[in-house]
Each structure stands twice: as structure tokens, then as C-alpha cells.
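To start, the structure itself, in C-alpha cells.
Residue numbers (full-length UniProt numbering): 1 to 652.
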């Protein structure tokens, strides 16, 4: 394995790498560095946790130092706020001990300044930082960056015109429909290279080599060239800016050639990776690289070598109890799947992936009720709450992180030795990114997928997709192995006088799980009610001041809980809780409608009496709405008192 210096990295940067624990370059870094330092566009793909962040940061920092540390040098885009924060921390950590005094000869001695632009933080403060601070690298999410471009007409001219490097981390997601409009608008401020990436063969092409859509696109480009006008979906002043060196990195590269061409890569773009498909395409090459035409369409990335996969079929009624049992066994060090390293065994951490936000909230509360230190992470949390959750999990105060797929992309969370798929991943790509949170950087890890009969069809498709990529590498397994540790028995053994905590029967675990789930649901409902009462009292909107959206799917237009989307408990306890909740919601709705009707009638009567007074010549100032409501309430009390007196007289 070559050293950083042998790959062309300057000695000062190599020393910084060694100080933070990067003793030797990772395979993806070996494949990328030589081409990136030559100024070529890069498409890098490698398994999760293999050093892709360093693969694009190191050449950018090397070129930045060689160019004299100019401002506005690189733009890095990532799909999630957490990944943006992680990239910023890595860049600052890498350069914190760099000796800038040796760079005085170049005429400047400014330290690296990295600005992050993400949602959930004050956009005004971000704009002030951009205007007054000499920033060298901008790391942003596409939505917040585009927001700054729309709010400030001169933003692109001041901050993007000098960019020499453009990075799309988690490129497959960045090029998906979710970010399509934002990415197209951002990329449209840069010129397209003169020698574009050549179109590749496609199964739908005609004999002449072009589809009908390609002909239309070519005609539009020809017409634009003849008229001398440049297409631009984002209207900004001035011409487009020079095309920067572009880096695309992901663990699961897209197979859609059209998406790659949208990024406007140069014709000599290099595909660098360490997967088997790239190795097959790069036969005869020593650096693990290949041209894009050799590998596109078959870019499948291997799963981490130290990862052990298991499936655990359970009954639907036992799913909660089995999750609690898995977490208990893992935290106690008795997983039975494989022996962990000594450091991981002392500080074992688990990530539980769910499909929905409300499911993650309730599962985190359930595990806390069962005595497991757990926190929940969803995309609907405020930015301050996200930071707190990740801090608690990283520092070890919480051993279990219950999250949606917002945590499945790019996050390098320490000492995660087990990933539990409580919700079955729908695609092999989602599965790869989820299980990639463990077994990172050569460590070992465990991935368990809990499946029920309802998940059977989706799991079979997932298993087929995973094993089809494994079969090309000579795998003999026709299915993923089962979890080796047997489930607890349904009933307690009769030949024992008592059973310990680790030998609780499944019937007892099921009952304890239902009780804990009910308590967690009650606590969350009370918390939601307090939040709504506070909003009604203050008159504030349901969105936080920092711009992060709350879970609006759980609240209807009247500020009441939407009961149909809640899952409080399983079995009889859940049915009874739901019945009581629906009955209470119905009573509240009737009382609210009745009060509105009565108030409307009383206000109508007051308006009629005012008109009468005016007709009689009694001038009267308009009463405030508060006094009118008080008068209506007093009249209702008098009417009820008269009705009670009449009933009493009739009864007597």
C-alpha cells in the first residue's frame, strides 16, 4: 500500500492525516488521489465507511494550498444536515494542526475557514457570515443554498463565480427526483465543458444510435448555439461561471447514464472504485480506475467485508418483544452471532431503522420504558434537537439510536456494532446504506432484519437483489442466514424453580412489551397535548423559529391529534386505548361544534339588539369582541338558569 506522499500529497498534509489517525490511505483514496490532483472529474464509488470523505477533501486542500489559499475555492453539496456537519468537522479536524507559517512565502497565512449552509439555522446569520468572513469552502444542502441564491440576487456572482471544485456527496441521492430541481438550478450557474461526456449505448436507441428524445435535445442545443443565447433555468445576472472540477461520490452509484450526463462531466472523467465490478472493468490497470463507459450499467458496490448478515422471522404479535430481546442481548454482550472486538464489546451501540417518523418516536419511547438508553432521530426534529440526539449517541449517554433513513446516508457514528432493520428495506440500495453504518473502516459488525409474514414479499425481493450481486462473486448461499440464537421459549420451563432476567419466556416479554408501549404512547400523547396547548396560548405557529418543520402528519387542522396515524399498543391494550381515544375525540368535536353554534346565535342576537337601539336613537359605541363574548356567555348562563327554574316548577 503506497503512502500519502507517494500518491502526490504534500508532506504537511500527510502529517495532518497521521495526527488524526489516518496512517495509510484507504483503497478509494489510492484510486482517486492521482487523478484528482491532475484536475480530472471524478466519479468515486466504494463501500460505506471506506474513506470517501477524505478522498475528495485531500485533493481539494492540496490544490487550495498550492493556489495560495484563495477564498471561495470549493463547494460541497450533501443531502442531509447531519452529513454537512460531519464534513465540516472532518475538514476542520484535518487542518487544525496544520503549520500555516510555511505558507507565508505564498503571500498569505490565512487559516482554513469552512462555512456550512443548512436548514434549521438562521439564514440571516449565515448571510452575514458569508458577507464578512473570508470563507474558503462552502458545505451546504441544496435547498438552503438555492434559498440564498433566490433571496440575494448577487449571491452567485459573489460566492460561486470563483469555485474551482464542486463535490456531490451521496451523488445517487443528489441526482434523484427528490433533489432534481434544486441540483439542476445549482449546476446551471456553471458553464458546461467543451468536451462533454460522450453519450453511451442504451437499449432503447435506434439503429442510428439516437433516441427520439436525444434528437430533440440535440436540436435545442443547436438552436441555442446559433442564436447565441445560453439556456438557464435559474435567472441570475451575468454569464455563467467557469466549469469547476467535479467530484461525485457514493456507495451505490446510479445506473442511469442520463443522470450522470446532467452533471456535465468532462469527456475524460475517471471512474474510481474498489468494488468487484470496477475491478473487472479495470483489468490491466493498477490504480483501480476505469473509464465511465467501462463500468456504467454494472456499478454494483460490495457490502463491507466485516459485516455479518442475518434475518429473524417472527410473529407480528412478538415483534416488539423480539426487538427488546435483541437489544437486551446486544447490550449485555450475549449476541451469539460473532465475537466483537474488545473495544466494541465494552461500548456496544445499536441503530434501529424504522420506516416512518412516528414509529421511530414511539419505539424510542418504548425502549426507554423498558430501561434501554435510547434516543430517536427523524427528519421532523428541530436542528437543535438533532444535534442533541447525535451528541448523546456519540458520547455514549444513549446506547440505542432509533432513526429513519435520514441517518442511513454518510454518517460516521462511532462504535456502532449492530444495525437492526425493524422496518424491512424496500430496495437493496436502502439496505446497503443502512447496514453501512456498522462495519466501517475495517471493523466488524452485525446486521439483523426482523421480518413478519406481512413483510415476506418485500423481503424476498430484497434477498434476491442482494444475492444476485453476491452470486457474481461466487457466493454459494441461496438465502441470508437465520439469526443463530434461538428465541426465548413461549412458556417458562417447569423443571426450574425460577428463571433469570435473561430467560424470561416470550409470553412474559410480550406482556411487558405491551405495557411499556402503552406507557410510552401515553407519555407522547401528553407531551403533544402540552405542546398544542402552549401553541394555542402563545398564538405561535406550529413551526419552530429556526425553520424546522414539526410532525404535522400527527395533527389535524383543529389542533387535535390525528388518531388514525397513531399506534399506541399491540393486542387488547391497543384496541382498548384506541377505542377510548376515538370516543374522547368524538366528544370533544361535538362540544366544540355546539359551542361554536351557541356563540354564533348569541352574537346574532346582540347584533339585532344593537340595530334596535340604533333605530330608537340610542347611540352606542361598538363593543370589543371580548366584551361581546362575555355578554354572550352571561346571556347563556341566564338562559340556562331560566330553563332550570322552569323544569323545577314543572316538576313541583
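Where is the CB? At the ideal position from N, CA and C, for every residue including glycine. Note that the structure is predicted; figures quoted are calculated from it, not measured.
In the structure shown, residue 163 adopts coil according to DSSP, grouped into three states.
The alpha-carbon separation between residue 40 and residue 452 amounts to approximately 48 Å.
The beta-bridge partner set that DSSP reports for residue 157 is empty. Per DSSP, the unbroken beta strand (DSSP E) holding residue 245 starts and ends at 245-250. Non-local beta-carbon contacts of residue 325 in its own chain, meaning distances under 8 Å to residues more than five positions away in sequence, involve 487, 488 and 509 in chain order. In the DSSP assignment, residue 353 forms a beta bridge with 403 and 421.
The C-beta of residue 122 has fewer than 16 other C-beta atoms within 10 Å across all chains shown, which makes the residue exposed. In terms of Cβ geometry, residue 42 and residue 270 form a close pair [threshold 8 Å]. Between the stretch 429-439 and the stretch 177-193, the count of C-beta pairs closer than 8 Å stays below three; the two stretches do not touch.
Put simply, the stretch 374-386 does not touch the stretch 306-317. Fewer than three CB pairs are less than 8 Å apart. Separation of residue 179 and residue 142 (C-alpha to C-alpha, rounded to the nearest whole angstrom) is 7 Å.
For residue 328 and residue 348, the gap between their C-alpha atoms comes out near 11 Å. With contacts defined by Cβ atoms closer than 8 Å, residue 520 and residue 366 form a contacting pair. Within the same chain, 516, 519 and 520 come within 6 Å of residue 369 by CB-CB distance, once the 5 residues on both sides are set aside. For residue 45, the uninterrupted beta strand (DSSP E) run begins and ends at 42-45, by DSSP.
Residue pairing of residue 190 in beta bridges, as defined by DSSP: 241.
In the DSSP assignment, residue 63 falls within the alpha helix (DSSP H) that extends over 52-66.
In this structure residue 333 is exposed. Its beta-carbon is surrounded by fewer than 16 other beta-carbon atoms within 10 angstroms. A Cβ-Cβ separation of about 7 Å places residue 48 in contact with residue 304 under the 8 Å criterion. Judged by DSSP secondary structure, residue 449 falls outside any alpha helix (DSSP H) and instead within the beta strand (DSSP E) spanning 445-451.
The straight-line gap separating the alpha-carbon atoms of residue 6 and residue 62 is approximately 14 Å.
Less than 8 Å separates the beta-carbon of residue 246 from that of residue 263. Nearest in C-alpha terms to residue 490, of all of 322, 55 and 129, is 322.
Note that the C-beta distance between residue 53 and residue 135 is not below 8 Å. The DSSP-derived three-state label of residue 309 is strand. Under the three-state reduction of DSSP output, residue 169 falls in the strand class. Look at the beta carbons and you see the stretch 8-25 touching the stretch 93-101: at least three pairs across the two are nearer than 8 Å. Residue 378 is positioned such that its CB atom lies closer than 8 Å to that of residue 406. Proximity to residue 359 across 423, 585 and 56 peaks at 423, based on C-alpha coordinates. For residue 13, the closest C-alpha among the options 60, 26, 1 and 28 is that of 60.
Of the residues assessed, residue 454 falls on the exposed side of the cut-off, its CB having fewer than 16 other CB atoms within 10 angstroms. When secondary structure is reduced to three states using DSSP, residue 510 falls in the helix class. In this structure, the alpha-carbon of residue 44 lies about 22 Å from that of residue 443. Within the same chain, 506 and 510 come within 7 Å of residue 318 by CB-CB distance, once the 5 residues on both sides are set aside.
DSSP, reduced to helix, strand and coil, places residue 376 within a strand of the structure shown. If you look at residue 76, you'll find it in the beta strand (DSSP E) that goes 74-77.
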